[in-house]
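Student:
There are 2 protein chains.
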Amino acid sequence: MTERTRLTRKPERGTDDPAVLHRLLDEARVAHVAFVRRGCPVVLPMAFGRDGNRLFLHGSTGAGAFLASGQGLEVSVAVTLLDGLVFARSAFDSSMNYRSAVLFGRAVPVAAEDKEHALRAVTEHLMPGRWDEVRPLTGKELAATAVLELPLDEVSVKVRAAGPGEDRGDGEDRSVWAGVVPLHTVAGIPERSPLTDPTLPLPRSVTSLL
Amino acid sequence: MTERTRLTRKPERGTDDPAVLHRLLDEARVAHVAFVRRGCPVVLPMAFGRDGNRLFLHGSTGAGAFLASGQGLEVSVAVTLLDGLVFARSAFDSSMNYRSAVLFGRAVPVAAEDKEHALRAVTEHLMPGRWDEVRPLTGKELAATAVLELPLDEVSVKVRAAGPGEDRGDGEDRSVWAGVVPLHTVAGIPERSPLTDPTLPLPRSVTSLL
Chain A
0 MTERTRLTRK
10 PERGTDDPAV
20 LHRLLDEARV
30 AHVAFVRRGC
40 PVVLPMAFGR
50 DGNRLFLHGS
60 TGAGAFLASG
70 QGLEVSVAVT
80 LLDGLVFARS
90 AFDSSMNYRS
100 AVLFGRAVPV
110 AAEDKEHALR
120 AVTEHLMPGR
130 WDEVRPLTGK
140 ELAATAVLEL
150 PLDEVSVKVR
160 AAGPGEDRGD
170 GEDRSVWAGV
180 VPLHTVAGIP
190 ERSPLTDPTL
200 PLPRSVTSLL
Chain B
0 MTERTRLTRK
10 PERGTDDPAV
20 LHRLLDEARV
30 AHVAFVRRGC
40 PVVLPMAFGR
50 DGNRLFLHGS
60 TGAGAFLASG
70 QGLEVSVAVT
80 LLDGLVFARS
90 AFDSSMNYRS
100 AVLFGRAVPV
110 AAEDKEHALR
120 AVTEHLMPGR
130 WDEVRPLTGK
140 ELAATAVLEL
150 PLDEVSVKVR
160 AAGPGEDRGD
170 GEDRSVWAGV
180 VPLHTVAGIP
190 ERSPLTDPTL
200 PLPRSVTSLL
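Those protein sequences? They're chains A and B, same order as listed. Quick note on numbering: numbering that gives the first Met the number 0 labels position 144 of the first sequence as 143, and the sequence is numbered without any gaps. Quick note on numbering: numbering that gives the first Met the number 0 labels position 87 of the second sequence as 86, and the sequence is numbered without any gaps.
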């Protein structure tokens with residue numbers, strides 16, 4: 000634990016269990032990556048993947064200037080899953096169930112010889128099984144793609160997974176329903192592209208999401 | 000448009016339509032807020048709400064140091080919705096459909112006389128209809144709650160909502176399925192708290208999510 004990862008609010012929600020961190024990272028699909036540009040904070044959504052203790056970041060939106068940095072960049076990365084809405088008997092006690100990881104570190108460009116491995120991790124994270132269904136990347140494609148990596152060394156994980164705080168003596172109105180509404184992300188009906196033969200069966204990478 | 004909101008990558012995905020921004024903010028449930036602490040970037044997930052051009056931020060996780068700032072703080076706020084996975088015929092062309100807003104500005108504490116209004120906006124954003132189902136906040140609760148606000152003045156919005164890029168002459172293998180798998184967030188079965196009478200009907204704020 001470092002100064003940056005010490006929890007100052009609700010420290011009882013913190014966890015050091017790497018399995019919790021890994022499950023969160025494997026389940027979430029978007030990371031929010033913050034860095035400092037000319038003294039000002041900037042945060043951008045990015046695709047990511049993981050291999051062991053290495054986190055790979057791949058710019059999917061407006062990340063041009065960010066990824067152009069060849070020298071590496073101090074970043075903070077947040078990965079958050081909202082698991083439910085917590086309906087208490089007051090607005091004050093209302094809450095959310097979530098899992099959240101906040102990382103700190105220096106993101107550096109993935110070395111050329113490692114780039115294919117990193118892109119495989121990002122692709123397989125978003126679309127498990129897809130890598131082997133499609134053709135290999137060309138050398139040109141690999142050269143045109145920037146991936147950053149940072150180690151999962153400095154990280155704080157918080158989890159809230161509980162009903163509303165309540166006890167018999169809290170004086171709250173019991174005629175008000177209280178509880179949790181879980182939230183899940185689900186896949187809808189796949190929509191084939193215009194040039195995809197309608198008789199082509201859905202690939203495993205798609206059916207495994209349904 | 001400012002230097003910070005000019006899109007450097009895929010500018011054709013940008014939109015200035017305020018309706019797109021407002022729909023994204025109303026639909027998303029978590030904002031990622033970045034700021035600079037001792038020269039280093041920090042990003043945290045936060046609950047938020049909106050009233051017209053005002054964005055309200057309410058710390059739900061580890062935001063202690065952040066919210067303690069009485070002087071206001073330069074922030075960048077990202078709100079992202081992942082709408083689908085785009086399966087192309089190569090890993091290189093694979094993508095995601097998303098809507099993403101990145102804001103910049105100075106977040107300042109909401110004035111005491113405005114705090115109830117701001118908390119109502121945050122509560123109603125996460126749980127529409129809940130505010131009027133529960134008792135009013137007490138003065139003590141209001142005093143114990145910190146909310147920040149910033150104007151929606153400096154913002155860039157990006158949208159990708161399309162199938163995989165393809166054309167008849169692209170030379171890709173048509174025996175590979177290509178298309179989009181839409182992603183949605185759905186509510187699961189409500190779980191009442193131990194002190195909630197099982198005969199109590201679900202409130203409107205819950206049934207409207209199902």
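Glycine included, each C-beta is placed from N, C-alpha and C at the ideal position.
Rounded to whole angstroms, what is the Cα-Cα separation between V175(A) and T195(B)?
Tutor: Position 176 of the first sequence, counted from the first residue, corresponds to residue 175(A). Position 196 of the second sequence, counted from the first residue, corresponds to residue 195(B). Rounded to whole angstroms, V175(A) to T195(B) spans 8 Å at the Cα level.
Student: Which of the three DSSP states, helix, strand or coil, is assigned to L54(B)?
Tutor: Residue numbering aside, residue 54(B) sits at position 55 when the second sequence is read from its first letter. It is a strand residue.
Student: Only counting runs of 3 or more residues, tell me where the beta strand (DSSP E) segments fall wholly within the stretch 135 to 160 of chain A, in order along the chain.
Tutor: 146 to 150 and 153 to 159
Student: Closer than 7 Å by beta-carbon distance: list the chain A residues that pair up with E132(B), in chain order.
Tutor: Against the second sequence, residue 132(B) aligns to sequence position 133. Those within 7 Å of E132(B) in chain A are V175.
Student: Taking a Cβ distance cut-off of 9 Å, strictly less, list which residues of the stretch 142 to 157 of chain A are near chain B, in chain order.
Tutor: A143, T144, S155 and K157
Student: 7 Å is my cut-off, CB to CB: does V205(A) come that close to chain B?
Tutor: Taking the first sequence and counting its residues from 1, the one referred to as residue 205(A) is at position 206. Yes, contact with chain B.
Student: So is E73(A) in contact with chain B if we call contact Cβ pairs under 7 Å?
Tutor: Here residue 73(A) corresponds to residue number 74 of the first sequence, with the count starting at 1. Yes, its Cβ sits closer than 7 Å to a Cβ of chain B.
Student: Is there a C-beta anywhere in chain B that falls below 7 Å from the one on F91(A)?
Tutor: The residue labelled residue 91(A) in the question sits at position 92 within the first sequence. Yes, because at least one Cβ of chain B sits closer than 7 Å to the Cβ of F91(A).
Student: So what's A117(A) in DSSP terms, helix, strand or just coil?
Tutor: Taking the first residue of the first sequence as 1, we reach residue 117(A) at position 118. In the structure shown, A117(A) sits in a helix (DSSP, three-state: H, G or I).
Student: Could you name the residues that DSSP lists as bridge partners for H124(A)?
Tutor: On the first sequence, position 125 is the one that residue 124(A) refers to. In DSSP, H124(A) forms no bridge with anything.
Student: Using a threshold of 7 Å, state whether the C-beta atoms of L182(A) and L24(A) are closer than that.
Tutor: Within the first sequence, residue 182(A) is the residue found at index 183, counting from 1. Within the first sequence, residue 24(A) is the residue found at index 25, counting from 1. Here L182(A) is not near L24(A), since their CB atoms are 7 Å or more apart.
Student: Report the CB separation of A100(A) from V154(A) in whole angstroms; it is logged as a contact under 8 Å.
Tutor: Locating residue 100(A) in the first sequence gives position 101, counting from the first residue. Locating residue 154(A) in the first sequence gives position 155, counting from the first residue. Confirmed, Cβ separation roughly 6 Å.
Student: Please determine, among T206(B), G164(B), R36(B) and G168(B), the residue with the shortest C-alpha to C-alpha distance to V85(B).
Tutor: Looking up residue 85(B) in the second sequence gives position 86. Considering only alpha carbons, the answer is G164(B).
Student: Determine the extent of the beta strand (DSSP E) in which V29(B) is found, giving its start and end residues.
Tutor: Locating residue 29(B) in the second sequence gives position 30, where the first residue counts as 1. Neither: V29(B) is in no beta strand (DSSP E) and is coded neither H nor E.
Student: On the premise that A110(B) lies in contact with V180(A), defined as a C-beta separation below 8 Å, what is that separation, rounded to the nearest angstrom?
Tutor: Taking the first residue of the first sequence as position 1, residue 180(A) is located at position 181. Taking the first residue of the second sequence as position 1, residue 110(B) is located at position 111. That pair is no contact at about 32 Å.
Student: Would you report the Cα separation of K139(A) and E115(A), rounded to the nearest angstrom?
Tutor: As a first step, residue 139(A) must be located in the first sequence, where it is residue number 140. As a first step, residue 115(A) must be located in the first sequence, where it is residue number 116. Approximately 12 Å between the Cα atoms of the pair.
Student: Could you tell me whether any Cβ in chain A is nearer than 7 Å to the Cβ of E27(B)?
Tutor: Here the question's residue 27(B) lines up with position 28 in the second sequence. A quick correction: the sequence has Ala, not Glu, at residue 27(B). Judged by the 7 Å Cβ criterion, A27(B) is not in contact with chain A.
Student: Compare the C-alpha of L20(A) against each of V205(A), V32(A), G51(A) and P40(A) and name the closest.
Tutor: Position 21 of the first sequence, counting from 1, holds the residue named residue 20(A). That would be G51(A), whose Cα lies nearest to the Cα of L20(A).
Student: Against chain B, with Cβ distances strictly below 7 Å, would L122(A) count as a contact?
Tutor: Residue 122(A) sits at position 123 when you count from the first residue of the first sequence. The amino acid occupying residue 122(A) in the given sequence is Thr; Leu does not appear at that position. Yes, because at least one Cβ of chain B sits closer than 7 Å to the Cβ of T122(A).
Student: According to DSSP, simplified to helix, strand and coil, what is S59(A)?
Tutor: What you label residue 59(A) is simply residue 60 of the first sequence in a count that begins at 1. With a pLDDT of 49 at S59(A), under the threshold of 50, the predicted position of this residue should be treated as unreliable, and no value is reported.
Student: Using a C-beta to C-beta distance shorter than 9 Å, which residues of chain A count as neighbours of P108(B)?
Tutor: Translated into positions along the second sequence, residue 108(B) becomes position 109. Residues of chain A with a Cβ closer than 9 Å to the Cβ of P108(B) do not exist, since the nearest Cβ in that chain sits about 16 Å away.
Student: Just to confirm before moving on: does the CB-CB distance between P40(A) and V35(B) stay below 7 Å?
Tutor: Here residue 40(A) refers to the residue found at position 41 of the first sequence. Here residue 35(B) refers to the residue found at position 36 of the second sequence. For the pair P40(A) and V35(B), the CB atoms are nearer than the 7 Å cut-off.
Student: Taking Cβ positions only, does F34(A) come closer than 7 Å to chain B?
Tutor: The residue labelled residue 34(A) in the question sits at position 35 within the first sequence. Answer yes: the Cβ-Cβ gap between F34(A) and chain B drops below 7 Å somewhere.
Student: Can you find a CB in chain B that lies within less than 7 Å of the CB of H183(A)?
Tutor: Here residue 183(A) is taken as the residue at index 184 of the first sequence, counted from 1. H183(A) counts as touching chain B.
Student: Whose C-alpha, out of K157(B), R191(B), R203(B) and T206(B), is nearest the C-alpha of M45(A)?
Tutor: Here residue 45(A) refers to the residue found at position 46 when the first sequence is read from its first residue. Ranking the options by Cα distance to M45(A), first place goes to K157(B).
Student: If I follow the unbroken beta strand (DSSP E) through R37(B), where does it start and stop?
Tutor: Stepping through the second sequence from its first residue, residue 37(B) is reached at position 38. Run containing R37(B): none; DSSP gives neither H nor E here.
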